[in-house]
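Undergrad: For what it's worth, this note's numbering labels the leading residue of the sequence shown as 89, then goes sequentially.
C-beta atoms are modelled at their ideal positions from N, C-alpha and C, and glycine is treated no differently.
This structure is a prediction, so every number in the text was calculated from the model and none was measured.
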Amino acid sequence: NRFAELDKVKPYTSDTIFSQVKTYYLQLKSNGADQNQIFTALSDWIYSVANVKNNEVAEIFVSFFIQNCEVYS
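#1: Determine whether the beta carbon atoms of residue 121 and residue 134 lie at a separation below 7 Å.
#2: Going by the beta-carbon positions, is the gap between residue 116 and residue 129 smaller than 7 Å?
#3: Apply the 10 Å Cβ neighbour rule to residue 97 and answer buried if 16 or more other Cβ atoms are within range, or exposed otherwise.
#4: What is the DSSP secondary structure of residue 141, reduced to helix, strand or coil?
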């Protein structure tokens, strides 16, 4: 797990990332965005912040958060 590896190098890094994603999700939700809009906005945000090579990587990252970190809860 890449997040566990990050935490070994710098403790609580994964918690910080999870919190940032959840916070951005809550901002989008409070502004009335639906799930499709939220997915797109989160993907675009990850793409720009993480400097990934393509948007598909960002979409996979967001999908991970949706499934494993209860982003849509």
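TA: Let me lay it out:
#1: no
#2: yes
#3: exposed
#4: coil
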